[in-house]
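Enquirer: Here the protein sequences come in this chain order: R and D.
If you're matching positions, the first sequence starts at 14 in the working numbering and goes up one per residue.
If you're matching positions, the second sequence starts at 14 in the working numbering and goes up one per residue.
Where is the CB? At the ideal position from N, CA and C, for every residue including glycine.
Keep in mind that this is a model prediction, so the values were computed, not measured.
Number of protein chains: 2
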Amino acid sequence: MHHSRILCGPRARLLTLLCIPGVLCGAPAALAAPASPETVAVQLRDAAIAGHDIAYTWVSELTTRFGPRPAGSANEQAAAEWAAARLKALGFENVHIETFPITAWVRGSESAQLVAPISQPLVAAALGESPPTPPGGIEGDVVLFGTFNELKAAAPGSLSGKIAMVTQHMVRAQDGAGYSAAVAARTDGPQAAAERGAIAFLLRSVGTDSHRIAHTGTTRYVDGRVPLPSFALSAPDGDQFERLAALGQTIRVRLVSGASYRADAHSQNVIADVRGGERPQEIVLLGAHLDSWDQGTGAIDDGTGTAIITAAAKLIRDLPHRPRRTVRVVLFGSEEVAQPAPPGGAFGGHAYVTTHQAELANHVLTGESDLGTDDIYAVGLPKAAFSGAFADTVMRVLTPIGVLRAEHPPEDAGSDVGPSVEAGVPAFLLNQDAMRYFDIHHTPDDTLDKVDRTQLDQNVAAWAALVWLAADSAVDFHSHEAAAPHP
Amino acid sequence: MHHSRILCGPRARLLTLLCIPGVLCGAPAALAAPASPETVAVQLRDAAIAGHDIAYTWVSELTTRFGPRPAGSANEQAAAEWAAARLKALGFENVHIETFPITAWVRGSESAQLVAPISQPLVAAALGESPPTPPGGIEGDVVLFGTFNELKAAAPGSLSGKIAMVTQHMVRAQDGAGYSAAVAARTDGPQAAAERGAIAFLLRSVGTDSHRIAHTGTTRYVDGRVPLPSFALSAPDGDQFERLAALGQTIRVRLVSGASYRADAHSQNVIADVRGGERPQEIVLLGAHLDSWDQGTGAIDDGTGTAIITAAAKLIRDLPHRPRRTVRVVLFGSEEVAQPAPPGGAFGGHAYVTTHQAELANHVLTGESDLGTDDIYAVGLPKAAFSGAFADTVMRVLTPIGVLRAEHPPEDAGSDVGPSVEAGVPAFLLNQDAMRYFDIHHTPDDTLDKVDRTQLDQNVAAWAALVWLAADSAVDFHSHEAAAPHP
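1. What residues are listed by DSSP as bridge partners for valine 392/R?
2. Interface residues of chain D around asparagine 162/R at Cβ under 9 Å?
3. Check the Cβ-Cβ distances between serine 132/R and every residue of chain D, and say whether any is below 8 Å.
4. Could you check whether the Cβ of glycine 346/R sits closer than 8 Å to any Cβ belonging to chain D?
5. Pull up the CB-CB distance for alanine 301/R and aspartate 383/R, whole angstroms please, since I reckon it's below 8 Å.
6. Against serine 223/R, what residues of chain D qualify as contacts under a CB-to-CB distance less than 7 Å, listed in chain order?
7. Do phenylalanine 214/R and leucine 257/R count as a contact pair if the criterion is CB distance below 8 Å?
8. Look at the Cβ atom of leucine 469/D, then the Cβ atom of lysine 327/D, and state whether they are nearer than 8 Å.
9. Hey, out of Gly237/R, Glu74/R, Thr180/R, whose CA is closest to proline 144/R's CA?
10. Mind checking valine 128/D: buried by the 16 CB within 10 Å criterion, or exposed?
11. On the three-state DSSP scale, how would you describe proline 293/R?
12. Could you tell me whether the Cβ atoms of glycine 324/D and isoleucine 67/D are closer together than 8 Å?
13. Report all residues from its chain with a CB closer than 6 Å to the CB of phenylalanine 158/R; omit the five preceding and five following residues, and keep chain order.
14. Please name the residue in Glu51/R, Val55/R, Asp59/R, Phe79/R whose C-alpha comes closest to that of glycine 311/R.
15. Using a threshold of 8 Å, state whether the C-beta atoms of glycine 418/R and tyrosine 69/R are closer than that.
16. By the criterion of Cβ-Cβ separation under 9 Å, what are the contact partners of glutamine 308/R in chain D?
17. Give a yes or no on whether the minimum CB-CB distance between leucine 268/R and chain D is below 8 Å.
18. Where does the unbroken beta strand (DSSP E) through glutamine 281/D begin, and where does it stop?
19. Would you mind telling me which residues of chain D sit closer than 8 Å to threonine 367/R, beta carbon to beta carbon, in chain order?
20. Between the segment 102-118 of chain D and the segment 242-251 of chain D, do three or more beta carbon pairs fall short of 8 Å?
21. Output the distance between the C-alpha atoms of proline 83/R and isoleucine 131/D, rounded to the nearest integer angstrom.
22. List the residues that DSSP assigns as beta-bridge partners of alanine 48/R.
23. So which residues on chain D does proline 81/R lean against when the C-beta distance must stay under 9 Å?
24. Quick check: what's the CA-CA separation for arginine 338/D versus valine 377/D?
25. Residues of chain B with CB under 9 Å from asparagine 88/R, in chain order?
26. Taking its Cβ as the centre, do 16 or more other Cβ atoms sit within 10 Å of proline 432/R, making it buried, or is it exposed?
27. Does any residue of chain D have a CB that is nearer than 8 Å to the CB of arginine 275/R?
28. So what's leucine 75/R in DSSP terms, helix, strand or just coil?
29. Does DSSP classify proline 169/D as helix, strand or coil?
30. Leaving out five residues on either side along the sequence, give the residues of the same chain with a beta carbon under 6 Å from the beta carbon of serine 124/R.
31. Using CA coordinates, which residue listed in Ala54/R, Asp222/R, Arg99/R, Pro203/R is at the minimum distance from alanine 186/R?
32. Starting from aspartate 405/R and walking both ways along the alpha helix (DSSP H), at which residues does that stretch end?
33. Give me the Cβ distance between valine 239/D and glutamate 142/D, rounded to the nearest whole Å; I'm assuming they're in contact under 8 Å.
34. Considering only the alpha carbon of each residue, which of Asp462/R, Pro413/R, Phe399/R lies closest to proline 422/R?
35. Does the beta-carbon of alanine 207/R have 16 or more other beta-carbons within 10 angstroms, so that it is buried, or is it exposed?
36. By the three-class DSSP mapping on this structure, what secondary structure does valine 53/R have?
As structure tokens, then:
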């Protein structure tokens, strides 16, 4: 403590930041001359790793005070207002809320029951955006398909009066590739089932757990609506159906959903800047989403994402000098019900692009945190900076906290910043370990107890360091040549 | 295969048993003379460890064909009829069903909702036997108590119009001791809350997991009824309530339960014997229960228990000579709603004692398998045989599969055989590792995927070896002296 005061007492904010109890203060060299961007990045990284309370406090308060935050809900709006107030209190600039209209989907009372060959309550969740059943429910025999391709191979009319179910199992993979491989059955299954005459669609949850917890998620509009009442069943229920089928039993279920829509709803994006010192018009855009599915409290999807980018930007904001470029945090609304086009197509990522069209050419780089709380293990830089001096600097800073260089520039940066990327903004990706994420994703089980504080801090460290390096540089991430890092 | 046939072809059933594909057959010495009881116990043990399919097939079919088997349900009765037919097919003797009347409790449509300070769906399960709410539910402010003792310390009338909640956390412990310490809040909480004026009772689930899954369980009748509508909340919901309270928020909930009772229901015990060769009137009683809670499929509670004792007895039944004493398997009904006395007090363990009163003095030993599927790590013999030659033989056979000698004779052998033990039947205990059991116990998550086949086989091995040694002995487990094992 005393040592800290001697070294750090008379110095500015950077050194305050570095003087974390129990951690050594910056080396005396830091006192002698302005620190290089790389040195500052290392200091930001180490401050976060040492335990920066902002991220955990943020996600704890967000999930406790507002619980589930489905798009268009009062909880989502209240969370946005709280977030804006908190961002102002943290010292961000240009803090404001941008509202946009949506049609909100509201889960109703719902149930699923095996009625033959035995009576058994099932654990099910209506898929997002899917229409209600009649009040008495829908009852029918279930036809199982081991994969979505098998359903698509069924003849038109062959499912007339039946309930189609895809029992495909999702593969656990570090990079989340199992999700991409499985999710088409959820987004496009209702349409494929409807085209073959089915009266409802069931899906073994797109998830990697084996608990009686169903994974919801949005489905695709076709001609302005999701074609069928559609439900995810928990993985053990899917297993049970497969075993019953193997015993030669006919499986009959009753499904009830009281889902509804509110056409006059709205959602909102929350914007907050750390204004750049030299090139404030140039923006490094950090995204995450404030909305969540309705059964959990959106802790890892995406409370932690909002916490990570906010905490990283706050560390940068608290430095003694501003980065050259502006760092912008956007906490998006209505991500979970993202549809490729209206109706139902209004979501935060689109709304941002529409509102900020004039600025987009000055968005120099963007990235999104939306894969939970577990460690970042790789960094992918845009093609223009994928190799070269800037990338080498990034790797020197991030390698010590367990981050590899990705094999390729990112092909996809996530839903929230997706429309910005489509509009030409270069994207980076900080790949998180997704081995555990899809156990919890889109379930009632997405709650604060799943957040690993040590791994959360590692995320903040990587974001703070990388964003700082990009924002304090003059690198043109748009170009096809790797530029030299600043200075 | 050829080797097996040369060694084993002309021999009787014992050797057939030992000739498991991929496993060495019995040593040639076994051909020369009748095997000692200890040698047979080792052979039974090793046959089970090598993978005896009966246990897993049993629990898979039981849970798949009959799903949840709440006491008094059609599923429970159908499972009993199936079990009796299967036991006959496996070659057991004296197979029959003994029916007894019960009042069945039936879960209805139920829900729990946080209505202030925010709206959030809660994961709750009505506690077994607890009465319904009015159709529109009960709404009230929640008063939290960190422990059951704190609730009991509250003044009479102090909870008038409120909903009382005990948020006590259960401790994870290998021997399940955390359950004993926590469960009083569930059994006696409704009464304590009612005495202080509460309108409903809530409990943080008695369980060790951190999932959005509620642990039900039975509650105590007071003057012929459970005093209040009572619910368990999932652990993360309990955490959320504690955090909201720490933020100074008033917690208000709406609870709905459509539970009902059927006074004219019945349950049943299934009996099956391996008749003893020398002292058939002397009975070693093995117990487990066929009924289950209603939200899962009763895989580990207690499908695996019924599988373990059935498979162990089947191994003994298939030996080339009978044990001296009779081995009796009882698959009890209506264990989960066991109450200390009628009304509501009729359950399988009591019914067995009532029906078999005349035989009880000849029940030489009893044990129960009702703690899931994980490894047995200790064996407790009754005081009369706790040390001495019989115990030493048992330990020589069980030590190689990871079983310690318990520090004390068992004080409690379980609910099913409890009334028999109270009537004087000596009890043994094969202690299972309960570290994982209470993650799943009494939840919708009690499904087949939780069964570990390797550990299930270890259970069968320990049961087969110990039961064989006891049944083929002349040890008087009632005496206060350890007798010598047979021969």
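Expert: On the basis of the supplied data:
1. Here residue 392/R corresponds to residue number 379 of the first sequence, with the count starting at 1. Valine 392/R is bridged to Arg418/R, Leu443/R.
2. As a first step, residue 162/R must be located in the first sequence, where it is residue number 149. Those within 9 Å of asparagine 162/R in chain D number zero; the least Cβ separation is about 25 Å.
3. As a working mapping, residue 132/R is identified with position 119 in the first sequence. Judged by the 8 Å Cβ criterion, serine 132/R is in contact with chain D.
4. For this step, residue 346/R is matched to residue 333 along the first sequence. Cβ-Cβ to chain D under 8 Å: no for glycine 346/R.
5. To locate residue 301/R, count along the first sequence from 1; it is residue 288. To locate residue 383/R, count along the first sequence from 1; it is residue 370. Right, the Cβ-Cβ distance comes to about 6 Å (below 8 Å), so this counts as a contact.
6. To locate residue 223/R, count along the first sequence from 1; it is residue 210. Near serine 223/R (Cβ distances below 7 Å), the residues of chain D are Asp462.
7. Looking up residue 257/R in the first sequence gives position 244. Looking up residue 214/R in the first sequence gives position 201. Contact: no.
8. The residue labelled residue 469/D in the question sits at position 456 within the second sequence. The residue labelled residue 327/D in the question sits at position 314 within the second sequence. No, the Cβ-Cβ distance between leucine 469/D and lysine 327/D is not below 8 Å.
9. Within the first sequence, the letter at position 131 stands for residue 144/R. Minimum Cα distance to proline 144/R is reached at Gly237/R.
10. Indexing the second sequence from 1 puts residue 128/D at position 115. With fewer than 16 other Cβ atoms within 10 Å, it is exposed.
11. In the first sequence, counting from the first residue as 1, residue 293/R sits at position 280. Proline 293/R: strand per DSSP, three-state reduction.
12. The residue given as residue 324/D occupies position 311 in the second sequence. The residue given as residue 67/D occupies position 54 in the second sequence. With the sequence shown as reference, residue 324/D is identified as alanine, and glycine is not the correct amino acid for it. Cβ atoms of alanine 324/D and isoleucine 67/D: closer than 8 Å.
13. Here residue 158/R corresponds to residue number 145 of the first sequence, with the count starting at 1. Only Leu164, Val179 meet the Cβ criterion.
14. As a position in the first sequence, residue 311/R is number 298, starting the count at 1. Among Glu51/R, Val55/R, Asp59/R, Phe79/R, the Cα nearest to that of glycine 311/R belongs to Phe79/R.
15. The residue labelled residue 418/R in the question sits at position 405 within the first sequence. The residue labelled residue 69/R in the question sits at position 56 within the first sequence. What sits at residue 418/R in the sequence shown is arginine, not glycine. Contact: no.
16. As a position in the first sequence, residue 308/R is number 295, starting the count at 1. Under the 9 Å cutoff, chain D gives Pro134, Val136, Arg225.
17. Counting from 1 along the first sequence, the entry for residue 268/R is found at position 255. It does not; no Cβ of chain D falls within 8 Å.
18. Taking the second sequence and counting its residues from 1, one reaches residue 281/D at position 268. Per DSSP, glutamine 281/D belongs to the beta strand (DSSP E) from 273-287.
19. Numbered from 1 along the first sequence, position 354 holds the residue referred to as residue 367/R. Near threonine 367/R there are no residues of chain D at all, since even the closest Cβ is about 30 Å away, more than 8 Å.
20. With a cut-off of 8 Å, the segment 242-251 of chain D and the segment 102-118 of chain D do not count as touching, because too few Cβ pairs lie within range.
21. Stepping through the first sequence from its first residue, residue 83/R is reached at position 70. Stepping through the second sequence from its first residue, residue 131/D is reached at position 118. Taking the straight line joining both Cα atoms gives about 13 Å.
22. One-based indexing of the first sequence puts residue 48/R at position 35. Answer is none; alanine 48/R lacks a bridge partner.
23. Mapped onto the first sequence, residue 81/R falls at position 68. From the beta-carbon of proline 81/R, the residues of chain D found nearer than 9 Å are Ile131, Ser132, Gln133, Pro134.
24. The sequence position of residue 338/D within the second sequence is 325, counting from 1. The sequence position of residue 377/D within the second sequence is 364, counting from 1. When the Cα atoms are used, arginine 338/D and valine 377/D turn out to be separated by approximately 9 Å.
25. In the structure shown, chain B cannot be found, because the protein chains are R and D.
26. For this step, residue 432/R is matched to residue 419 along the first sequence. That one is buried.
27. In the first sequence, residue 275/R corresponds to position 262, counting from 1. No - not a single Cβ of chain D is within 8 Å of the one on arginine 275/R.
28. For the purposes of this step, residue 75/R is taken as the residue at position 62 of the first sequence. Three-state result, leucine 75/R: helix.
29. Taking the second sequence and counting its residues from 1, one reaches residue 169/D at position 156. Correct three-state label for proline 169/D: coil.
30. For the purposes of this step, residue 124/R is taken as residue 111 along the first sequence, with counting starting at 1. Val269.
31. To locate residue 186/R, count along the first sequence from 1; it is residue 173. When each option's Cα is compared against that of alanine 186/R, the closest is Asp222/R.
32. As a working mapping, residue 405/R is identified with position 392 in the first sequence. In the DSSP assignment, aspartate 405/R falls within the alpha helix (DSSP H) that extends over 402-411.
33. By one-based count along the second sequence, residue 239/D stands at place 226. By one-based count along the second sequence, residue 142/D stands at place 129. The C-beta separation of valine 239/D from glutamate 142/D comes to about 5 Å, placing the pair in contact by the 8 Å criterion.
34. Locating residue 422/R in the first sequence gives position 409, where the first residue counts as 1. The residue with the shortest Cα to Cα distance from proline 422/R is Phe399/R.
35. Start at 1 with the first residue of the first sequence, and residue 207/R comes out as number 194. Counting Cβ neighbours within 10 Å, alanine 207/R comes out buried, since at least 16 surround it.
36. Here residue 53/R refers to the residue found at position 40 of the first sequence. Looking at valine 53/R - three-state DSSP - the assignment turns out to be helix.
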